[in-house]
Amino acid sequence: MTTRLRVLDDGAWLSIDDTREVRVSELWRLDAPDFCGCDLADLIVENFQAVGIDGARIEARVHGQCIACGTTGVTGWIPVGRVHDGEFAEFDRSTVRRSR
Amino acid sequence: MPTDVENWKSEVYGREIREHLFDFAEQGFDSIPDDERDAWFERFKWWGLYHQRNGQEGYFMMRIGTPNGVLEPGQLRVVGEIADEYARGPGTNPIFGDAYADFTTRQSIQLHWIELSDVPAIFETLEANGLSTQQACGDSWRNIVGNPVAGKDGQEVIDAWPVIRDLNETFKGNDDHANLPRKWKVSVTGSADGSGQGDINDLAFEPAYKAVEGGDGSEDAVGFNVRVGGGLARNEPRFARDIDVWVPPERVSDVAGGLSALFRDNGDREDRYNARIKFLVDEWGAEAVRETLQEEYVDFELRSAGRDVREEYTYNAGGGERNDLIGVHDQKDGRNFVGLNVLVGRMGAEDVLELADLAEEYGSGEVRLSQRQNVIVTDVPDDALDSLLGEPLLEHYSPEPSPFMRGSVACTGTEYCSLSIVETKNRQVRFARWLKANVDLPTDVDEFHIHLSGCTASCAQPQIADVSLRGMKTRKDGEPVEALDVGLGGGLGENPQFARWVTQRVPADEVPGAIANLVESFAAERLEGESFRSFVARHDDDELDAFVDPEETDYDDPMLHNTKRTWYPYAENDGLDEAPPTPADD
Ligand code: HEM
Ligand code: SF4
Ligand SMILES: [Zn+2]
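The listed protein sequences correspond, in order, to chains U and L. The numbering of the first sequence is my numbering, which starts it at 99 and goes up by one. The numbering of the second sequence is my numbering, which starts it at 204 and goes up by one.
So, in C-alpha cells, the structure goes:
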C-alpha cells in the first residue's frame, strides 16, 4: 500500500494519507551534527520543505532554527513518525531525532 | 516535476471551482472525499477561502478583496452584517469578542469561523452589493492595492482609481491569468506620497512624468514608471526592481497583462518556494525582464522610465509630514478625509455597523482601507467635521492616537493561521497599551511603527517598520516560551530600507521592556531632531542589540505557552483534544 505524502499550505503541514498530521511551531530535539555545533540541536520547526518515507518511517526536511545557538537553515531528513497498519503515529515531542 | 498543487490546478482551477464549492456547501463539509480534501482546500483559496489551522476543522477564513481598499456607500454595512451573522465560532476572543472583521495590510477584509454551508448565502449577499472574494487568495491576481484615497487626495499627481478599476475588471476572472505559478500582487499609486507601497509588491506602477512624444518639451505627460519583483516573505525580502519603463494610463493594462503572462509562462512551477516573480527577476535581471516583455508580451514600443516623484514620498518614510493617513486631511474637492486608527486592524461587528452609520451621516457613506490596517471616512464637509470628531466611537478608533497605537500592525498568528509560530493580534494590543502607559517618545517624535508577524511569511510587513517583531521560540528557565526576533530601522520612502535583525529570540514577556529601553537610549543619544530611522542607520548591529536590552516589567503575557498546541489560544479548556467537532450542516 502506498502512503500519500504532501507538504501543504506553503510548508505549514505534512499531510499523510490525506490527513494534516504534523505541523510547524514545535521544538524538536535533534541529533544533527551537520546542522549545528550543539550536542543536541533545539530546533524550532518553521517550515516543511519536503516529506518522504523510508520503510515505515516518515521523514521530513525542515527549515528552522536551533534556538540554542541560532543556526538557521534546512535540515537533513528527520524522522517524524511511522505508519503502522495504515495508521500514522507521530513521534513524541520529547523524542531525540537523528537526521540523516 | 510539477508540484501536487500544480497538478491540482491543472485539473480544476479558477472560476470553475465555484460550482464544486457550492455542491460541497449544499451537501455538507463531509461530502468532500477524504482523499480530495488537500486538493479542494488548495483550490478554495482562489475563491477567498482558507482553511483555518488544526483544532478548527471545518472552519474557514474568508477574505473579501476590496480593490484599493474602496468600500462604496453601503458596502461596509454589508460587511458588518455578514460578520455579525456568520463570523461567529466556538471560540470567543477576550479582547474582540465574538464577531469581528479584520482589515488587512493589503486593503482587504478577513472574516473567521466561516462554515462551508454558509458560503453560497454569503456570496449571494456580497455579490448583490458589488463585493467579492474571488482571487482574494490563491495563485493569481490578488487584491490590487494603492493609495486608498485615490481620486480624492489633495496630493495626487494622477488619479489611479480608474486605472485600478480597469485592471480589476480586466484581470479578475480572466482565464488567461487565472492560474499563475504563485500569487501576483499589484500596486498602482497616483499620489506623490508613496502610500501605495509599490516597492513591496510583485508589480508596481508609480507616478512619473514623461516628455510628450513630438511635443516641444513644455508640457510633460503624467503616467507611471514600472517596477517588478518586490515581496517580503521567507527571509528573502526584495524591493521591486526598476525595469526602465514608463506607461501612460491607457497602456497600464497592456503592460500589466504582459508581465502577468511573462510570469505565467516563466515562473517556477516545480518549486513553490522559488515561484514568486522576485526570484525570476533575481535570476534574469531587470534588463532581461524588460527585453522579454518588449519582444514577446506587448505589441508597441515601450518607453524608457520617466521622471518619478520618489523624493517627495512621505508614507512610512521615517520623518516629515503624512507618514500615514490617520487624522484629518484635505481632499481636492474641498471636503476632507478622516483616517481612524483601528488597532491591529480588528473591529467588532457592532462597531463596523456604527462606523457605516457615521460614514453615511457625515460623509458620503464611503469608507476606505489603508495598508496600515486602518479605515478612512471620506467626503466629510468642513461643517460636519467637528460633529464627526465628537462621536463616541472615535474615542476608540481615534484620528489622533498615541504613536504606539497608531504604529501597530499585526498579522493573524496562532489564533487561526497554520503557519504561525506565536500569538500576535491580542499580544500586540497588550504591547501597545503597555507602551502607551509606560513609555514616552521624545516630544518631536510622533510616529513609531511596530509590526508583529507570527512567522517569516511577513503578512504584517515587519521588515518595513521602525521595530520589526517576528515569531520565534526560546527557553526560559528551561521551558519553551513564545519569543520574538527584533529588527530595527525599516521603512519605505525614496530610499526604502529593510529592518536589520539585531536581537534574536526575546521571550515575548520581555519585549515591552526591551522597547522601553530602546526608546530610552534613543531619547538620550539621538542627535538634535534625529529620526528613529536615521538613529538606527548610524549604529552598527551590536550597538543596537545593546540598546534593545530585554527586561521583565509589570507587563503580563498570558500567551507565553505554546498557543499552537491549543485548539484556540484563549479558550478555557484550550487543549487540542477539547477541539470542537466539525460544524454540522444546518
Ligand atoms: C490565515 C491567515 C494567513 C495565511 C495562512 C497566510 C499565508 C501567507 C503565506 C504562506 C505567505 C508567504 C508566501 C509567499 O507569498 O511567498 C504570506 C505572505 C503575505 N501575506 Fe499572508 N497569510 C495569512 C494572512 C494574511 C493577511 C491577514 C494579510 C493581509 C492582507 C496577508 C498578506 C500577506 C502579505 C503582505 C505577505 C507578505 C509578503 C510578500 O508579499 O511576499 N496575509 N501569507
Ligand atoms: S505572517 Fe505567518 S503567522 Fe502571520 S498571518 Fe502570515 S503566515 Fe500567518
Ligand atoms: Zn545549535
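Every residue, glycine too, gets a C-beta built ideally from N, C-alpha and C. The structure displayed is predicted, hence computed values, not measured ones.
Proximity test, Cβ basis, 8 Å: residue i and chain U
i: Ser623 (chain L); result: yes
i: Asn629 (chain L); result: no
i: Gln313 (chain L); result: no
i: Pro683 (chain L); result: yes
i: Arg475 (chain L); result: yes
i: Asp712 (chain L); result: no
i: Asp342 (chain L); result: no
i: Lys388 (chain L); result: no
i: Lys767 (chain L); result: yes
i: Asp405 (chain L); result: no
i: Asp207 (chain L); result: yes
i: Asp237 (chain L); result: yes
Within chain L, partners of residue i - CB distance below 8 Å
i: Trp126 (chain U); result: Correct list: empty, because the minimum Cβ distance to chain L is about 11 Å.
8 Å Cβ cut-off: residues of chain U touching residue i
i: Met675 (chain L); result: Ile142, Gln163 and Ile165
i: Lys212 (chain L); result: By Cβ distance, chain U contributes nothing, its closest Cβ being about 14 Å from Lys212 (chain L), past 8 Å.
i: Asp586 (chain L); result: Neighbours of Asp586 (chain L) on chain U: none; closest Cβ ~51 Å, over 8 Å.
Neighbouring residues, chain L, relative to residue i (Cβ below 7 Å)
i: Ser113 (chain U); result: Asp241
i: Gly168 (chain U); result: Gln707
Chain U residues whose Cβ lies nearer than 7 Å to that of residue i
i: Cys658 (chain L); result: Glu144
i: Asn257 (chain L); result: Arg118 and Arg121
Interface residues of chain U facing residue i [CB-CB closer than 9 Å]
i: Lys679 (chain L); result: What Lys679 (chain L) touches in chain U: nothing, since even the nearest Cβ is about 11 Å away.
For residue i: DSSP bridge partner residues
i: Ile361 (chain L); result: BP columns for Ile361 (chain L) are empty, so no partner.
i: Ile176 (chain U); result: U:Ala158
i: Gln255 (chain L); result: According to DSSP, which records beta bridges pairwise, Gln255 (chain L) is partnered with nothing at all.
i: Met550 (chain L); result: L:Ala304
i: Cys164 (chain U); result: U:Leu141
i: His315 (chain L); result: In the DSSP output, where bridge partners are listed per residue, His315 (chain L) has none listed.
i: Ile285 (chain L); result: None, per the DSSP bridge assignment.
i: Asp688 (chain L); result: L:Arg673
i: Phe427 (chain L); result: L:Pro410 and L:Val450
i: Gln534 (chain L); result: L:Asp356
i: Pro683 (chain L); result: L:Arg678
Any C-beta of chain L under 8 Å from that of residue i
i: Val160 (chain U); result: no
i: Gly171 (chain U); result: no
i: Asp129 (chain U); result: no
i: Leu138 (chain U); result: no
i: Ala110 (chain U); result: yes
i: Asp107 (chain U); result: yes
i: Arg198 (chain U); result: no
i: Arg155 (chain U); result: no
i: Arg195 (chain U); result: no
i: Arg180 (chain U); result: no
Per-residue burial, residue i [other beta carbons within 10 Å of its own, 16 or more giving buried]
i: Ser398 (chain L); result: buried
i: Leu730 (chain L); result: exposed
i: Met204 (chain L); result: exposed
i: Asp137 (chain U); result: exposed
i: Leu779 (chain L); result: exposed
i: Ser213 (chain L); result: exposed
i: Cys662 (chain L); result: buried
i: Lys248 (chain L); result: buried
i: Glu144 (chain U); result: buried
i: Asp419 (chain L); result: exposed
i: Lys535 (chain L); result: exposed
i: Pro753 (chain L); result: buried
i: Ala331 (chain L); result: exposed
i: Pro384 (chain L); result: buried
i: Thr101 (chain U); result: exposed
i: Ser590 (chain L); result: exposed
i: Gln230 (chain L); result: exposed
i: Gly434 (chain L); result: buried
i: Pro297 (chain L); result: exposed
*Which runs of the alpha helix (DSSP H) spanning at least 4 residues fall entirely within the segment 607-645 of chain L, listed in chain order?*
Runs found: 628-641.
_Unbroken stretches of the beta strand (DSSP E), 3 residues or longer, contained in the segment 361-423 of chain L_ = Those beta strand (DSSP E) runs which fall completely within the segment 361-423 of chain L and span 3+ residues are 389-391 and 406-414.
*asked:* Ignoring anything shorter than 4 residues, give me the alpha helix (DSSP H) runs that lie fully in the segment 723-760 of chain L, in order along the chain.
replied: If we require 4 residues or more, the alpha helix (DSSP H) runs fully inside the segment 723-760 of chain L come out as 735-740 and 744-751.
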